[in-house]
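To start, the structure under review is shown below, and the notes come after it.
Residue numbers (this note's numbering): 1 to 160.
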């Protein structure tokens, strides 16, 4: 691996985990969260950090592979735009659900987040199939998170 490629890989990890860090700062598991009712199939809270760490790692590698495979500045802008839109929607979900304590609003937003993942998978396919495939676990997890979000709203709503 040449030096510029290594720098891009490190940059991809830095950006991916910066997104994760912002989401983590917005995720407050205080008394409000502890008082919520959850479905019995909800994973333990400790599992979420492990799962998200794996997904952000796969996302960083995906971004790096796509950037390396993008042969033109236009394709590089596409890669950057798709990942930036997804990062903003990922952060927004955490802000709505945890910071504003509005799982009902987050439920609407998670649809947009999932569509942004789909846009990444489809948008990267012709650039790098591996980059695209590495995002499939993210799509599956966000679908599970959306189902958990819906169950939480049903068990605890309305939110005001």
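Using N, Cα and C, we set each Cβ at its ideal position, and we do this for glycine too.
Bear in mind the structure is a predicted one, so any value in this text is a computation, not a measurement.
Original post:
Beta carbon of residue 15, beta carbon of residue 137: below 8 Å?
Top reply: Taking a C-beta distance under 8 Å as the contact criterion, residue 15 and residue 137 do not qualify as a contact pair.
**OP:** Give me the Cβ distance between residue 107 and residue 62, rounded to the nearest whole Å; I'm assuming they're in contact under 8 Å.
**Re:** Going by Cβ atoms, the distance from residue 107 to residue 62 rounds to 26 Å, so no, they are not a contact pair.
Original post:
Buried or exposed: where does residue 94 fall if 16 or more other Cβ atoms within 10 Å of its Cβ makes it buried?
Top reply: Buried, by the Cβ-count rule.
Original post:
In whole angstroms, what separates the C-alpha of residue 158 from that of residue 146?
Top reply: Whole-angstrom Cα-Cα distance: 17 Å.
Subject >> Extent of the continuous alpha helix (DSSP H) to which residue 126 belongs >> reply: Neither: residue 126 is in no alpha helix (DSSP H) and is coded neither H nor E.
Original post:
Ends of the alpha helix (DSSP H) at residue 59?
Top reply: That run of the alpha helix (DSSP H) goes 45-69.
**OP:** Could you pull the start and end residues of the alpha helix (DSSP H) that residue 99 belongs to?
**Re:** Going by DSSP, residue 99 is part of no alpha helix (DSSP H) at all; its letter is neither H nor E.
Original post:
Can you tell which of 10, 8, 25 and 5 has the C-alpha that lies nearest to the C-alpha of residue 98?
Top reply: Nearest C-alpha to residue 98: 25.
Original post:
Can you tell me whether residue 7 is buried or exposed, with buried defined as 16 or more other CB within 10 angstroms of its CB?
Top reply: Residue 7 is exposed by the Cβ-count criterion.
Original post:
CA-CA distance, residue 52 and residue 125?
Top reply: Taking C-alpha positions only, residue 52 is separated from residue 125 by approximately 23 Å.
Subject >> Where residue 135 sits in the DSSP three-state scheme >> reply: In the structure shown, residue 135 adopts coil according to DSSP, grouped into three states.
**OP:** Name the two residues that bound the continuous alpha helix (DSSP H) containing residue 11.
**Re:** For residue 11, the enclosing alpha helix (DSSP H) stretches over residues 3-26.
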